[in-house]
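Colleague:
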Amino acid sequence: MAAEFVIEGLKATIEGKEILKGFNLQMKGGEVHAIMGPNGTGKSTLASSLMGHPKYEVTEGTVTLEGEDVLEMSVDERARAGLFLAMQYPSEIAGVTNSDFLRSAINARREEGSEISLIKFIRQMEGKMKDLEMNPEFMHRYLNEGFSGGEKKRNEILQMLLLEPKIVILDEIDSGLDIDALRVVAQGVNAMRSEDRGFLVITHYQRLLNYIKPDFVHIMMQGRIVKSGGPELAERLEADGYEWVKEELGIEDETVGQEA
Ligand SMILES: Nc1ncnc2c1ncn2[C@@H]1O[C@H](COP(=O)(O)OP(=O)(O)OP(=O)(O)O)[C@@H](O)[C@H]1O
Ligand SMILES: [Mg+2]
C-alpha cells in the first residue's frame with residue numbers, strides 16, 4: 001500500500017460558505033492524477049484543505065495517507081507524513097532566505113539529532129538547482145520575495161525535489177512558466193515519479209499533460225469530481241471546452257455557487 005491516498009466525501013467551508021461538496025478520490029503510489037475544471041470550482045480549495053490551511057474548515061469526510069488519518073494531523077505533521085503542495089500563488093516571506101527555509105523544512109521532517117549537515121544540504125541544493133537551471137543566487141534571496149511568476153514556480157519544484165514527499169499536489173505549476181521552464185519543471189517532476197509516490201496535478205491545460213503524462217484525468221465542478229477518464233479526456237477538453245460535459249451531466253452552473 002505504498003503511498004495510498006484516499007479522500008472520501010470531503011466537504012469544506014470557508015467563512016461559512018461550502019466550497020467542497022463531497023470530493024472522492026483514491027490514489028496509489030506510482031500514479032499521476034490530473035484534476036481539471038473551470039475557474040472557481042474548488043480545485044485550490046481542495047489543495048489547501050488537504051494541507052490543513054487554517055482558513056478552510058473540513059465539515060465532513062475522511063482523508064487517509066497509508067491508512068493514517070490526515071485530518072487529525074497539524075500542518076507540520078502532514079508535511080512530515082509526506083504531503084506536499086506546490087501552491088498556485090506561493091507566499092513571499094521577507095527575512096527568511098530560501099536556503100534557510102529549505103534546510104528547516106528538511107530538518108522538520110527528520111528526527112532530532114539526525115539533522116542534515118550544512119555541507120550535505122548545500123551540495124544537494126546546488127545539484128537540484130542545477131537540474132532546474134536555476135541561478136545559484138536564488139539560494140540567498142528571501143523566500144519568493146520579488147521572484148517572477150516563473151521563478152516562484154521553479155522554486156516550488158526545488159522544494160519538492162529536496163523534500164521527497166509521498167504525495168505531491170501541484171496547483172497550476174504550469175501557470176507563468178515559459179516554454180523552456182515548463183520542460184525543465186516537467187523533467188524535475190518526471191524524475192521524481194516512482195512506485196512509492198503519487199501526484200495530483202491541477203492544471204487548465206492539456207499541454208502540461210504532454211510532459212507529465214497522467215494515468216487518470218478528473219473533471220471538477222461544483223466542488224467535486226463529476227467525470228473521470230484517461231488522458232483522452234484532457235484532449236477532448238482542450239478541443240471542445242467544458243460545455244459538453246455540463247450538457248451531458250445536466251449542470252447549469254459549474255461553480256460552487258454564491259449562496260452564503
Ligand atoms: N477566502 C475566501 N472567501 C470567499 N470565497 C472564497 C475564499 N476562498 C475561495 N473562495 C471561493 O471558493 C470558490 C473556489 O475557489 P478555488 O480557488 O478553490 O477555485 P479553483 O477551482 O482553484 O479556481 P481557479 O481555476 O481559478 O484557480 C471561488 O468561488 C472562490 O471565490
Ligand atoms: Mg485555483
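Heads up: the sequence shown begins at 1 in full-length UniProt numbering, then just goes up one per residue.
Beta carbons are placed, not taken as given, at the ideal position from N, Cα and C, and that holds for glycine.
What is the rounded straight-line gap between the Cα of E248 and the Cα of K128?
Modeller: For the purposes of this step, residue 248 is taken as residue 248 along the sequence shown, with counting starting at 1. For the purposes of this step, residue 128 is taken as residue 128 along the sequence shown, with counting starting at 1. Each residue's alpha carbon lies about 45 angstroms from the other.
Colleague: Tell me the start and end of each unbroken beta strand (DSSP E) in the stretch 128-185 that is at least 3 residues and wholly inside, in chain order.
Modeller: Taking only runs of at least 3 residues, the beta strand (DSSP E) segments lying wholly in the stretch 128-185 are 167-171.
Colleague: DSSP state of L25, grouped into three classes?
Modeller: Walking along the sequence shown from the start, residue 25 turns up at place 25. Looking at L25 - three-state DSSP - the assignment turns out to be strand.
Colleague: Would P90 pass as a contact of K152 if the rule is Cβ separation under 8 angstroms?
Modeller: Taking the sequence shown and counting its residues from 1, the one referred to as residue 90 is at position 90. Taking the sequence shown and counting its residues from 1, the one referred to as residue 152 is at position 152. For P90 and K152, yes; Cβs fall inside 8 angstroms.
Colleague: Okay, do the stretch 48-63 and the stretch 106-120 touch, 3+ Cβ pairs below 8 angstroms being the bar?
Modeller: At 8 angstroms Cβ cutoff, the stretches do not touch.
Colleague: Quick check: is any heavy atom of ligand 1 less than 7 angstroms from the C-beta of Q88?
Modeller: In the sequence shown, counting from the first residue as 1, residue 88 sits at position 88. Result yes, Cβ under 7 angstroms from ligand 1.
Colleague: Does any heavy atom of ligand 1 sit closer than 7 angstroms to the C-beta of E57?
Modeller: Taking the first residue of the sequence shown as position 1, residue 57 is located at position 57. Because no heavy atom of ligand 1 lies under 7 angstroms away, the Cβ of E57 does not count as near it: no.
Colleague: Sorted by chain position, which residues of the same chain lie with C-beta nearer than 7 angstroms to E254's C-beta, five sequence neighbours on each side aside?
Modeller: Here the question's residue 254 lines up with position 254 in the sequence shown. Closer than 7 angstroms at Cβ, skipping near neighbours: P38, T41, M221, Q222, Y242, K246.
Colleague: Would you say I19 and V256 are within 8 angstroms of each other, going by their C-beta atoms?
Modeller: Along the sequence shown, read from residue 1 onward, the residue named residue 19 stands at position 19. Along the sequence shown, read from residue 1 onward, the residue named residue 256 stands at position 256. A contact, by the Cβ cut-off of 8 angstroms.
Colleague: Using CA coordinates, which residue listed in E15, A3, T45 is at the minimum distance from G22?
Modeller: Here residue 22 refers to the residue found at position 22 of the sequence shown. The option with the nearest alpha carbon to G22 is T45.
Colleague: Does any heavy atom of ligand 2 sit closer than 7 angstroms to the C-beta of S44?
Modeller: Locating residue 44 in the sequence shown gives position 44, counting from the first residue. Because some heavy atom of ligand 2 lies under 7 angstroms away, the Cβ of S44 counts as near it: yes.
Colleague: Heavy atom of ligand 2 less than 7 angstroms from the Cβ of D171, yes or no?
Modeller: One-based indexing of the sequence shown puts residue 171 at position 171. Answer for D171: yes, Cβ within range of ligand 2.
Colleague: For R210, count the other beta carbons within 10 Å of its own beta carbon; 16 or more makes it buried, fewer makes it exposed. Which is it?
Modeller: Here residue 210 refers to the residue found at position 210 when the sequence shown is read from its first residue. For the record, residue 210 in the displayed sequence is Asn; it is not Arg. Result: exposed.
Colleague: So with Cβ pairs under 8 angstroms, would you call D76 a contact of chain B?
Modeller: In the structure shown, chain B cannot be found, because there is only a single protein chain.
Colleague: How about A186 and I212: are their beta carbons less than 8 angstroms apart?
Modeller: As a working note, residue 186 is residue 186 in the sequence shown. As a working note, residue 212 is residue 212 in the sequence shown. Closer than 8 angstroms, so yes.
Colleague: With DSSP collapsed to three states, give me the class of T45.
Modeller: In the sequence shown, the residue the question calls residue 45 occupies position 45. Reduced to three states, the DSSP call for T45 is helix.
Colleague: I want to know whether the stretch 118-125 touches the stretch 77-86 - three or more CB-CB distances under 8 angstroms.
Modeller: No contact exists between the stretch 118-125 and the stretch 77-86.
Colleague: Can you name the start and end residues of the beta strand (DSSP E) that V96 belongs to?
Modeller: One-based indexing of the sequence shown puts residue 96 at position 96. Per DSSP, V96 belongs to the beta strand (DSSP E) from 93-97.
Colleague: Taking the Cβ atom as the reference point for each residue, do A34 and L85 lie within a distance shorter than 8 angstroms?
Modeller: The residue labelled residue 34 in the question sits at position 34 within the sequence shown. The residue labelled residue 85 in the question sits at position 85 within the sequence shown. Not a contact, by the Cβ cut-off of 8 angstroms.
Colleague: With distances taken Cα to Cα, identify the nearest neighbour of E31 among G9, G198, Q206.
Modeller: Looking up residue 31 in the sequence shown gives position 31. Closest by alpha carbon: G198.
Colleague: Report buried or exposed for G113, applying the criterion of at least 16 other Cβ atoms within 10 angstroms of its Cβ.
Modeller: Locating residue 113 in the sequence shown gives position 113, where the first residue counts as 1. Label assigned to G113: exposed.
Colleague: Could you check whether D131 and G188 sit closer than 8 angstroms to each other, using their CB atoms as the reference points?
Modeller: Position 188 of the sequence shown, counted from the start, is the residue given in the question as residue 188. Position 131 of the sequence shown, counted from the start, is the residue given in the question as residue 131. Their beta carbons are under 8 angstroms apart, which means G188 touches D131 by this criterion.
Colleague: DSSP has M36 in a bridge; who is on the other side?
Modeller: As a position in the sequence shown, residue 36 is number 36, starting the count at 1. For M36, which the question treats as bridged, DSSP gives the partners I219.
Colleague: Any heavy atom of ligand 1 closer than 7 angstroms to the beta-carbon of E15?
Modeller: What you label residue 15 is simply residue 15 of the sequence shown in a count that begins at 1. Yes, ligand 1 has a heavy atom inside 7 angstroms of this Cβ.
Colleague: Would you say I19 touches ligand 1, meaning its beta carbon is less than 7 angstroms from a heavy atom?
Modeller: For the purposes of this step, residue 19 is taken as residue 19 along the sequence shown, with counting starting at 1. Within the cutoff, so yes.
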